[in-house]
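Trainee: In our numbering, the protein residues as written are 36 to 296. Heads up, the beta-carbon is just placed ideally off N, CA and C, and yes, glycines get one too. Here you go, one structure.
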Amino acid sequence: MVDNGLIAFANRLADAGGAAIRPYFRKRIDVAHKQGRHAFDPVTEADRGAERAIRDLIAKERPDDAILGEEFGETPGKNDYRWVLDPLDGTRAFITGRHEWGQLIALEQSGRPVLGILDQPVLGERFIGVNGAAHLIQAGRSMPLKTRECAGLSQAVLCATDPSAYFSQSQQAAFARVKEKARLTRFGGDCYLFAALALGFVDLIIEAGFQAWDVAALVPLVEGAGGVITSWDGGSVLPGKTILASGDKRLHAEAMAWLAG
């Protein structure tokens, strides 16, 4: 169990990151390219500033905890806790003035995510998964989250960020098999898709190319809301790569079968 003190500290980390991000949204800011992963992989001072703010607070108050962050790499710790940070997941949406982004903050204990926050600081929405439950905190109120039932693909809303950009050719072919069976498919959304899943508005998410910081916070959130999140073959979703998340175990099993061919 994660104690109330750690939960409160995680919320303070989200507060600090959000305060660093908000001044840059829908402003004309410099956008840099991170070499290596994609033809264009944007990063801004909002990404870097948020991670710095979170890291500074951890270093000050929990210096023995390890940290893994997208922007500044790994800092070893002296205990079995590690914070996994994606300070701004959805930078492409951010720089185009759209709301489908968020900061991801996870706490791992002995390699297992035990707390996950997906925070959208402009909308004032904070989704948190911890101790087997998930909640949306907004305007001082906490609302329990529950995924919706969906018996099969013919009734399912399927989402993915951008298969053409992040999937290999064979993965695109596998995705197409699922898409053909789904009732509705929508693209775009990055981490915010998983908030929509926890809220019960999306039934199935298929992604690929994830890193550890992209997924660690999502595991407690999806599972806490009653959903399932695995790799495409049903294995562990950590440290990332392929992601298959569903609000209903029956739908997850059907999608996994079609992905396998």
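(1) Taking the runs of the beta strand (DSSP E) that are 3 residues or longer, which of them lie wholly in the region 145-209?
(2) Since I believe Ile42 is in contact with Val165 (beta carbons under 8 Å), could you give me their beta-carbon distance rounded to a whole number of angstroms?
(3) Quick one: give me the first and last residue of the alpha helix (DSSP H) that Tyr59 is part of.
(4) For Gln144, collect the residues of the same chain with a Cβ closer than 7 Å to its Cβ; drop the 5 residues on either side in sequence, then sort them by chain order.
(5) Measuring CA to CA, which of Lys284, Gln246, Ala243 is closest to Val257?
(6) Hey, quick one: how far does the alpha helix (DSSP H) through Trp293 stretch, first residue to last?
(7) Tell me whether Ser205 is buried or exposed, calling it buried when 16 or more other Cβ atoms sit within 10 Å of its Cβ.
(8) Could you check which residue in Gly167, Ile93, Arg83, Leu228 has the C-alpha nearest to that of Arg47?
(9) If you check the beta carbons only, do Glu80 and Phe107 fall under 7 Å apart?
(10) Suppose contacts are defined by Cβ-Cβ distances below 7 Å. Is Leu232 in contact with Ile241 by that definition?
(11) Spatial neighbours of Phe75 within its chain, please: CB distance less than 7 Å, with the 5 preceding and 5 following residues excluded, ordered by chain position.
(12) Report all residues from its chain with a CB closer than 8 Å to the CB of Gln207; omit the five preceding and five following residues, and keep chain order.
(13) Does DSSP put Phe236 in a helix, in a strand, or in coil?
(14) Under 7 Å between the Cβ atoms of Ala54 and Ala141?
(15) Residues in the same chain with beta-carbon distance under 7 Å from Phe202, minus the five sequence neighbours each way, listed in chain order, please.
(16) In three-state terms, what does DSSP make of Arg133?
(17) By how many angstroms is the C-alpha of Ala168 removed from the C-alpha of Leu2?
(18) Specify, as a first and last residue, the run of the beta strand (DSSP E) that Val119 falls within.
(19) Taking the C-alpha atoms as reference points, what is the distance between Glu160 and Glu289?
(20) Counting along the chain, where does the alpha helix (DSSP H) carrying Leu279 start and finish?
(21) Look at the alpha carbon of Ala247 and the alpha carbon of Phe236, and state the distance between them as a whole number of angstroms.
(22) Along the chain, where does the beta strand (DSSP E) containing Ala88 start, and where does it finish?
(23) Roughly how many angstroms lie between the CA atoms of Val213 and Tyr227, to the nearest whole one?
(24) In the DSSP assignment, what are the bridge partners of Ala101?
Mentor: Checking against the coordinates, here is how it stands:
(1) 147-155, 160-165, 168-173, 176-179, 192-195
(2) 6 Å
(3) Careful: Tyr59 lies outside any alpha helix (DSSP H) and carries neither H nor E.
(4) Asp115, Tyr116
(5) Lys284
(6) 284-295
(7) exposed
(8) Ile93
(9) no
(10) no
(11) His68
(12) Pro198, Ser199
(13) coil
(14) no
(15) Phe210, Ala243
(16) coil
(17) Since the first residue shown for the chain is 36 and the last is 296, residue 2 is missing from the structure and cannot be characterised.
(18) 116-124
(19) 32 Å
(20) Not the alpha helix (DSSP H): Leu279 falls in the beta strand (DSSP E), residues 276-281.
(21) 25 Å
(22) Premise fails: Ala88 lies in the alpha helix (DSSP H), 80-96, not in any beta strand (DSSP E).
(23) 21 Å
(24) Arg117
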